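Chemist:
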Amino acid sequence: MGKDTDIDLMLRFGQGDETAFRSLYMTYRKKIINYCYRFFFDLGTAEELSQEVFMRVYKAGSRYRPEAEFSTWLFKIATHLCLNELRKKRYKNWFVSLDSEEGSVANQLADPSPEILAVMEGRERKKKITSAIRALPGKQRAAVLLREYHGFSYKEIAFQLGQSESSVKALIFRGRDHLKQTLCGEFGEGL
Amino acid sequence: MKKTCEQSVRLQLLKDNALEKEAADRVKEHLRECEPCQDEWDSMNALSRVLSELDDQEVPPDFDRTFWMRVDEYNGKGLFSFFGGRSAGRWRIAFAPLLAAIIMAAGLYVSVQTMGNKVEELSLSDQMDLLDDFDVVNNLDLLEDWVAMNQMKEDS
Ligand SMILES: [Zn+2]
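Chains as they are written, first to last, in the numbering used here: chain R, 1 to 191; chain U, 1 to 156.
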């Protein structure tokens, strides 16, 4: 399905065609959930925010005017909600330890099998990637996620963040640099 | 200490497809013969590979049900949401004066029944709240008529 069709669908929804909305919802819900999830690494928060994103699209209805590709606009709504949520959550995050739930399993098993070791290693890696992303300031985080996981262009990200293209370049550059610095100690691998 | 090259900032633009073809070709050409840039290029790609290790989350089982319930609620399958939902734009205009008239009639009825004793209880602020709930504040002229009517009744 081409991206232009998404705008058509949204316009049709604006004229009262509910199935057009359903189709957009089905196409994008998983992407939006994953975007919000990688912002906070908390499925509950991701669910809540994603629902709000689609409610806003639904409520926009006939007031929708295509000022960008539909997906660009959709992720703009998600980005604003995530940044807002981050502002609200910031002080909480200082006290949340990522190591709280797991990590100690290795110590509990006297002689873990190679399979278990591999699983644990995979989990450890993911946890480190997770905390590296979570350590990024909000706009850097948004810019890197939109670029690396969703393939938006600088121009689109500029629209989503309400920043100039050159600020977006700088945000992505600094964000990647941060991630490399945090992860190269753990991963090596030419980072 | 890693060696750096002043061209390396352009590598990000190449990676992110943000260069015109000609400029992209020049950077690729440079990349072939510059070791620090090759390191930087590998490092950027390694980062993308590492980031892709985070698997996609599946849509949580209750997600759709909860969402469509919210839509239903907004759309008027709840008692009050009818007046705030998607259909509201079309229906509010038609129903608001009717609703205001019903409220006015009810108010008048109560006031007549109680011979004015209890009309104070059904005070203006209560009416305002009620009207607010139903988003009929656009019809303030009707409300003002109602106030005027009560005023006249009190005077007489
Ligand atoms: Zn170079």
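Yeah, the Cβ is synthetic: ideal placement off N, Cα and C, and Gly gets one too. Because the structure is a prediction, the values reported are computed rather than measured.
Would you kindly work out how many angstroms separate the C-alpha atoms of U:D25 and U:A18, rounded to a whole number?
Modeler: On the second sequence, residue 25 of chain U is found 25 positions in, with the first residue counted as 1. On the second sequence, residue 18 of chain U is found 18 positions in, with the first residue counted as 1. Cα-Cα distance, rounded: 12 Å.
Chemist: Quick check on DSSP: helix, strand or coil for R:E148?
Modeler: Residue mapping note: residue 148 of chain R aligns to position 148 of the first sequence, counting from 1. Here R:E148 sits in helix by DSSP.
Chemist: Would you tell me roughly how many angstroms separate the C-alpha atoms of R:I157 and U:S8, rounded to the nearest one?
Modeler: Within the first sequence, numbered from 1, the residue matching residue 157 of chain R stands at position 157. Within the second sequence, numbered from 1, the residue matching residue 8 of chain U stands at position 8. Between R:I157 and U:S8, the C-alpha separation is close to 22 Å.
Chemist: Here's the rule: buried if 16 or more other CB atoms are within 10 angstroms of the residue's CB, otherwise exposed. What is R:R185?
Modeler: For the purposes of this step, residue 185 of chain R is identified with residue 185 of the first sequence, where counting begins at 1. According to the sequence as given, residue 185 of chain R is Gly; it is not Arg. Counting Cβ neighbours within 10 Å, R:G185 comes out exposed, since fewer than 16 surround it.
Chemist: Exposed or buried, R:T72, counting other C-beta atoms within 10 Å across all chains shown (16 or more means buried)?
Modeler: Within the first sequence, numbered from 1, the residue matching residue 72 of chain R stands at position 72. Buried, by the Cβ-count rule.
Chemist: By the criterion of Cβ-Cβ separation under 7 Å, what are the contact partners of R:R125 in chain A?
Modeler: Among the protein chains of the structure shown, namely R and U, there is no chain A.
Chemist: Any C-beta of chain U within less than 9 Å: which residues of the stretch 54 to 67 of chain R qualify?
Modeler: Per Cβ criterion, the list reads F54, M55, Y58, K59, G61 and S62.
Chemist: Could you check where the alpha helix (DSSP H) with R:P114 kicks off and where it finishes?
Modeler: Within the first sequence, the letter at position 114 stands for residue 114 of chain R. Element bounds for R:P114: P114 to R134.
Chemist: Report the rounded CA-to-CA distance for U:E29 versus R:F173, giving the unit in angstroms.
Modeler: The sequence position of residue 29 of chain U within the second sequence is 29, counting from 1. The sequence position of residue 173 of chain R within the first sequence is 173, counting from 1. Between U:E29 and R:F173, the C-alpha separation is close to 22 Å.
Chemist: Looking at C-alpha atoms only, which residue of R:I133, R:D6, R:E18 and R:Y154 is the closest neighbour of U:N75?
Modeler: One-based indexing of the second sequence puts residue 75 of chain U at position 75. Selected option, being the one with the closest Cα: R:E18.
Chemist: What I want to know is whether the C-beta of U:Q12 ends up closer than 7 Å to one or more non-hydrogen atoms of ligand 1.
Modeler: Taking the second sequence and counting its residues from 1, the one referred to as residue 12 of chain U is at position 12. No, Cβ of U:Q12 sits at least 7 Å from all heavy atoms of ligand 1.
Chemist: Quick one, which of R:R22, R:A143 and R:T5 has its alpha-carbon nearest R:G163's?
Modeler: In the first sequence, counting from the first residue as 1, residue 163 of chain R sits at position 163. With the sequence shown as reference, residue 163 of chain R is identified as Gln, and Gly is not the correct amino acid for it. When each option's Cα is compared against that of R:Q163, the closest is R:A143.
Chemist: Is it buried or exposed for R:S166, if we count other Cβ within 10 angstroms and need 16 for buried?
Modeler: Here the question's residue 166 of chain R lines up with position 166 in the first sequence. Classification for R:S166: exposed.
Chemist: Is the Cβ-Cβ distance between R:R38 and U:L54 less than 8 Å?
Modeler: Here residue 38 of chain R refers to the residue found at position 38 when the first sequence is read from its first residue. Here residue 54 of chain U refers to the residue found at position 54 when the second sequence is read from its first residue. Yes, Cβ-Cβ distance for R:R38 and U:L54 is below 8 Å.
Chemist: Do three or more CB pairs link the stretch 54 to 66 of chain R to the stretch 146 to 156 of chain R at distances below 8 Å?
Modeler: Judged by Cβ distances under 8 Å, the stretch 54 to 66 of chain R makes no contact with the stretch 146 to 156 of chain R, as fewer than three pairs qualify.
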